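Chemist:
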Amino acid sequence: MDRDYNPQSAQSIFHFSYGLLHKSLAEAVMAIDPNINLENIANKGKGGLGQLVEKYFYGYDLNSNPEADFPEAGVELKTTPLKKNVKGEFLIKERLVCDMIDFCEIVNVSFEESAFYKKCVLMLILFYLHAQGKSLHELEFLFSVLWKLKDKDLLIIKHDYEIIVGKIKAGKAHELSEGDTMYLGACRKGQKGDALRRQPFSDICAPKRAFALKPAYMRTILEFILASGKDMATNTDIPTLEEMELVSKEELETSSFEDILISRIMKFKGLDYKQIAKSLDLEISSGDKSRYARTVKEVLLKGLKDFEDAEEFRKAGIIVKTVRVETNGNIKESMSFENIDYDEVLEVEEWTESRWYEIVTSRFMFVVFRAISSNLHEWRNETRYVLDKVIFWTMPVEDLSNAEMYWENIRMNVLSDTLQDADNSFWKLADNRDFHVRPKAQTSKDKYLSPISNKEIPKKAYWFNRGYVKKILQRAYGTEWGKIFENH
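Taking the working numbering, the leading residue of the sequence shown gets 1, the next gets one more, and so forth.
1) Pop quiz: D160 and M244 are said to be a contact at Cβ under 8 angstroms. What is the actual Cβ separation, rounded to whole angstroms?
2) Tell me which residue opens and which closes the beta strand (DSSP E) that N413 is part of.
3) Give, in chain order, every unbroken run of the alpha helix (DSSP H) that is at least 4 residues long and sits entirely within the segment 19 to 91.
4) Measuring CA to CA, which of Y217, I318, T181 and I168 is closest to P500?
5) Please state whether the Cβ-Cβ distance between K269 and R95 is less than 9 angstroms.
6) If you draw a straight line from the alpha carbon of S416 to that of S425, how long is it in whole angstroms?
7) Express the C-alpha separation of Y342 and K289 in angstroms, rounding to a whole number.
8) Taking the alpha helix (DSSP H) that I163 belongs to, which residues open and close that run?
9) Mind pulling the alpha helix (DSSP H) runs of 4 or more residues that sit fully within the segment 228 to 311?
10) Under a three-way DSSP split, which group does P7 fall into?
11) Alpha carbon to alpha carbon, how far is H22 from F14?
12) In chain order, which beta strand (DSSP E) runs of at least 3 residues are fully inside the segment 97 to 137?
13) From L485 to F369, what does the alpha carbon distance come to, in whole angstroms?
14) Could you check which residue in F143, S362, K447 and W463 has the C-alpha nearest to that of E223?
15) Return the residue from the list A293, V165 and K134 that minimises the CA-CA distance to L387.
16) Should I331 and V437 be called a contact, given that it needs their Cβ atoms to be closer than 9 angstroms?
17) R380 and A371: beta carbons closer than 9 angstroms?
18) When you compare the segment 97 to 115 with the segment 190 to 210, are there three or more beta-carbon pairs, one atom per stretch, that lie closer than 8 angstroms?
19) Counting pairs of Cβ atoms below 8 angstroms between the segment 134 to 148 and the segment 162 to 177, do you hit three or more?
20) With DSSP as the reference, label R475 as helix, strand or coil.
21) Please report the straight-line C-alpha distance between H488 and D237, rounded to a whole angstrom.
22) Could you give the C-beta distance for A68 and K118, rounded to a whole number, given that I count them as a contact under 8 angstroms?
23) Quick one: Cα of D306 to Cα of F127, how far?
24) So what's P200 in DSSP terms, helix, strand or just coil?
25) How far does the alpha helix (DSSP H) with E456 in it extend, from its first residue to its last?
26) Quick one: what's got a C-beta closer than 7 angstroms to E311's C-beta in the same chain, skipping five residues either side?
27) Quick one: what does DSSP say D341 is sitting in, helix, strand or coil?
28) With DSSP run on the structure shown, which of helix, strand or coil describes F366?
29) Would you mind sorting S248 into buried or exposed? The rule is 16 or more other CB atoms within 10 Å of its CB.
30) Between K483 and the rest of its own chain, which residues show a CB-CB distance below 6 angstroms, the 5 nearest in sequence each way excluded?
31) Between M100 and A210, is the Cβ-Cβ spacing less than 9 angstroms?
32) Does DSSP put R314 in a helix, a strand or coil?
33) Under DSSP, the alpha helix (DSSP H) around R355 begins and ends at which residues?
34) Apply the 10 Å Cβ neighbour rule to A277 and answer buried if 16 or more other Cβ atoms are within range, or exposed otherwise.
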């Protein structure tokens with residue numbers, strides 16, 4: 001096999017990647033040059049798998065320029081790992097790191113002039129299977145995707161970029177969070193204890209960060225290649241897929257995604273779910289446990305069954321929760337999330353690579369309904385709550401340390417196999433530590449298998465304490481809180 005590709009053609013570079021699929025880099029390079037010394041590849045693994053592919057498979061000189069790896073074609077080469085769950089399904093292992101952020105330089109660079117834009121608008125993404133203990137050149141490549149950031153995605157990513165840069169300009173680089181944005185995040189880089197970076201508009205130094213496409217967005221790319229039924233696919237030669245979209249490209253050209261949704265929902269401020277449902281011709285009963293969420297879905301998009309069905313929520317990993325607040329400002333219920341995947345907790349050693357970290361660094365949308373006194377006949381058997389506020393929220397940096405301790409506690413119980421109720425030391429609601437662990441399932445038959453002993457153990461979920469939810473709302477309402485709620 002010769003290196004028969006045109007470095008000036010994105011399609012040619014893409015088609016040449018076929019020689020990597022279902023092989024390791026070592027096997028693919030041996031097919032090109034049987035006389036290659038594999039020790040040279042093995043000893044140069046510090047630069048990352050992408051650089052090894054570029055140098056040894058494509059035979060292309062590495063460059064450190066602020067432009068794409070294949071500048072003549074405008075193609076950036078990226079390698080990213082997949083993992084398999086117990087069902088044998090492929091999962092995204094991590095976010096896709098795109099370009100380091102220089103806090104002092106980025107504040108003077110527009111999106112279109114940024115290194116991220118110049119590099120990553122068109123990417124050749126090579127998915128490989130992560131395997132513990134294997135060297136980089138031994139890992140198997142599974143899929144090749146030529147992916148263009150375009151249309152609505154590019155508009156949302158541009159707005160994400162501007163949010164990140166805006167925070168740095170405000171002297172808040174140390175407060176950056178992946179939850180600030182939708183598709184493009186400012187992810188942490190380096191290890192604990194690494195030297196902090198200087199920022200231009202504050203004396204407070206900040207952790208090193210990079211622009212990265214979030215795991216949720218990467219999942220949509222994986223879904224794209226899996227849905228194609230092929231090992232190779234590209235979105236460059238097809239129109240944008242028609243999906244259930246919340247906002248149009250035209251709307252995004254004049255307003256932000258969040259402002260559009262807030263405006264759409266707050267048209268119904270002061271109305272209860274029955275009034276909102278009636279105006280939308282939605283049949284809903286007081287016995288429906290999901291009546292508030294169903295109402296919000298219909299407000300956002302008629303016919304929306306699940307929040308994740310909306311393209312933007314799915315790509316951004318936005319978590320939508322409806323919250324009911326009593327007249328005194330208390331929250332009746334704690335907030336549940338997904339069941340804990342004990343196998344995932346066992347496998348992941350760094351909490352920043354965990355599913356829990358992805359949850360707490362997600363963008364949240366809280367739709368708040370507050371209780372009001374009512375003498376209306378139809379509310380005699382039910383508290384009346386009216387729509388009051390929409391809050392887009394990111395967990396503050398100061399709360400993440402507690403979230404990390406919570407995850408470490410869960411992992412300690414998994415490693416020691418103390419997952420039975422009588423044995424575990426999971427944080428409980430009564431501990432009043434912002435987060436706790438308990439089941440969502442109503443039946444004791446709902447079990448997992450311990451990844452250590454293979455014994456049946458109860459399913460348990462991640463939870464925010466109701467007191468923590470109240471604290472989130474109080475911060476968001478500010479001085480309004482005391483004016484609205486009694487006995488606050």
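Note that the Cβ used here is the ideal one computed from N, Cα and C, for glycine as well.
All figures in this text were calculated on a predicted structure; none of them were measured in a lab.
Modeler: The answer reads as follows:
1) With 8 angstroms as the limit, D160 and M244 do not qualify as a contact, their Cβ atoms being about 21 angstroms apart.
2) It is not in any beta strand (DSSP E) - N413 instead sits in the alpha helix (DSSP H) that spans V397 to L415.
3) 25 to 32, 38 to 42 and 49 to 52
4) With the chain covering only 1 through 488, there is no way to say anything about residue 500.
5) no
6) 11 angstroms
7) 28 angstroms
8) Element bounds for I163: D151 to K169.
9) Runs of alpha helix (DSSP H) with 4 or more residues, each lying fully within the segment 228 to 311, are found at 249 to 252, 257 to 266, 273 to 279 and 291 to 300, listed in chain order.
10) In this structure, P7 counts as coil in the three-state DSSP scheme.
11) When rounded, the separation of the alpha-carbon atoms in H22 and F14 is 15 angstroms.
12) 122 to 129
13) It is Phe, not Leu, that sits at residue 485 in the sequence shown. Roughly 12 angstroms separates the two Cα atoms.
14) F143
15) A293
16) no
17) If you check the CB distance, R380 and A371 do not come in under 9 angstroms.
18) Short answer: they touch.
19) no
20) helix
21) Caution is warranted here: a pLDDT of 44 is assigned to H488, below 50, making its placement in the model unreliable, and the coordinate value is therefore given only provisionally. In this structure, the alpha-carbon of H488 lies about 57 angstroms from that of D237.
22) 7 angstroms
23) 29 angstroms
24) coil
25) Premise fails: E456 lies in the beta strand (DSSP E), E456 to P458, not in any alpha helix (DSSP H).
26) E243, M244 and E245
27) coil
28) strand
29) exposed
30) none
31) yes
32) helix
33) R355 to V360
34) buried
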